[in-house]
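Under mature numbering (1 follows the signal peptide of the UniProt record, and there is no 0), residues -26 to -1, 1 to 252 are what the sequence shown spells out, in order.
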Amino acid sequence: MAQAVLFSGQCAWFAFSLVCPRSCMSWRSRSMWSCWSAGVPSQENTEREEFDMRDGKRRNPTLLQSGQGFERGSRGSGSSARCDAVVTIDTKTDPTEIPEPDLGPGEFLIDVHKDEDGAGLEIESISGMLLVAKLKRGPMIAWNAEHAHEPHLMVKAGDRIVGVNGVESESSRLIDELKRGTRLRLVMRHPREFKVCLEKKGRELGMCVIGGNVKLDMLKISALRAGVVEDWNRSHSSAAIASGDRIISVNGIDNEPAKMLDELRANGVLHVTVIRPS
C-alpha cells in the first residue's frame, strides 16, 4: 500500500499507487504445431525456434493458412505427415531485423535477453509514459555492470522506456512488446534531474508525496500547496518542483522511500534530488 503524507502540520492521508505486476515482464514464448496423418499422432513443439521440415534448417515459426502445409517423409518409412496449420501464440523477436532507431536527446539503446525471471525490472505507467520504477536482479543489473564506465548507458529508476523492438507507442502497447520478446532492444530516455535545497525554519513544507509501495524506490510528488516549496519555486524557476516529479534522494538517503519520508518530516534543512520523466 502506498502512503501519502501531506507536509502541513499534522494533516496526513493515504492513497494507492498502481504499478504493473511482475508477471508483466516474465511471459514465455511458445508455439504449437497442429499436424495430422494416417498413423502419425499430433505433436506439440514448445521450442522458441522450429526446424523447417523441408530442408532441416532452423527458422523462426511462420503462420500458415489452412491447406498450405508441407509434406515430410518419415525416417525409415514411406509414410508422411502433413502440417495443416501452424498456430503461433508468440515468437522470439529478432532485433537484427529491426532498423537502427534514431535516438533523440537523452536517449540510449540497450540490448538484453530475458532470463527465467523476465527482464529484471519493475515498471510504472503514468500519463502515457512507461517508466522504470525499480531494478531487480537479472539482465538489467548485468547490463549496468557491463557498462559501469559508461554511466550514460546505465538504466536507473525514473528512466522512460520509449521503444521496444522497433515499436514506439503508448505504454500498453510497449508492455505487450515487453511480454512478447525474449530478446529486448529498448530505446530508453533519462529523465531531467536537478537539485533542490529547502530550509523549513519552522514553516510547512507544502507538498504531498506518495511512497511506501514495495515496487518503488522513489517518492512521487502528488500535490503542492503554500509553503517552503512554493517559495523555492518562485525564486528558482529553472529548478522549480512540480506535481508528478519524483524524489530519488533526501540528504543522501536513496532507494529507501520510508527513510526518505522520515527525513522530510524530521529535518529542517533538506537537500533533495528530483527527477522529471519526459
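Note that beta-carbon positions come from the ideal geometry of N, C-alpha and C, so glycine has one too. These numbers were taken from a predicted model, which means no experiment stands behind them.
Helix or strand or just coil, what does DSSP make of residue i?
i, result
"residue 248", "strand"
"residue 184", "strand"
"residue 235", "helix"
"residue 208", "helix"
"residue 230", "coil"
"residue 151", "helix"
"residue 223", "strand"
Which residues share a DSSP beta bridge with residue i?
i, result
"residue 135", "162"
"residue 202", "In the DSSP output, where bridge partners are listed per residue, residue 202 has none listed."
"residue 197", "182"
"residue 172", "244"
"residue 177", "Paired residues: none, contrary to the question."
"residue 167", "249"
Taking residue i as the reference, which of the options has the closest Cα?
i, options, result
"residue 87", "156, 221, 226, 174", "156"
"residue 160", "176, 199, 151, 179", "151"
"residue 97", "130, 246, 78", "130"
"residue 163", "133, 185, 154", "133"
"residue 248", "90, 234, 222", "222"
"residue 158", "182, 141, 145, 239", "141"
"residue 180", "126, 238, 148", "238"
"residue 224", "112, 183, 124", "183"
"residue 210", "170, 177, 114", "170"
"residue 77", "203, 135, 149", "135"
"residue 114", "82, 226, 99, 95", "95"
"residue 149", "228, 104, 202", "104"
"residue 217", "234, 228, 235, 193", "193"
Count the other C-beta atoms from every protein chain shown that fall within 10 angstroms of the C-beta of residue i, then say buried if there are 16 or more, exposed otherwise.
i, result
"residue 93", "buried"
"residue 232", "exposed"
"residue 137", "buried"
"residue 85", "exposed"
"residue 251", "buried"
"residue 108", "buried"
"residue 243", "exposed"
"residue 139", "buried"
Checking contacts by CB at 8 Å: is residue i closer than that to chain D?
i, result
"residue 158", "Although the question refers to chain D, the structure presented lacks it and comprises just one protein chain."
Note down, one range per segment and in chain order, each beta strand (DSSP E) of at least 3 residues found wholly within the region 81 to 140. 81 to 87, 95 to 100, 103 to 109, 134 to 138
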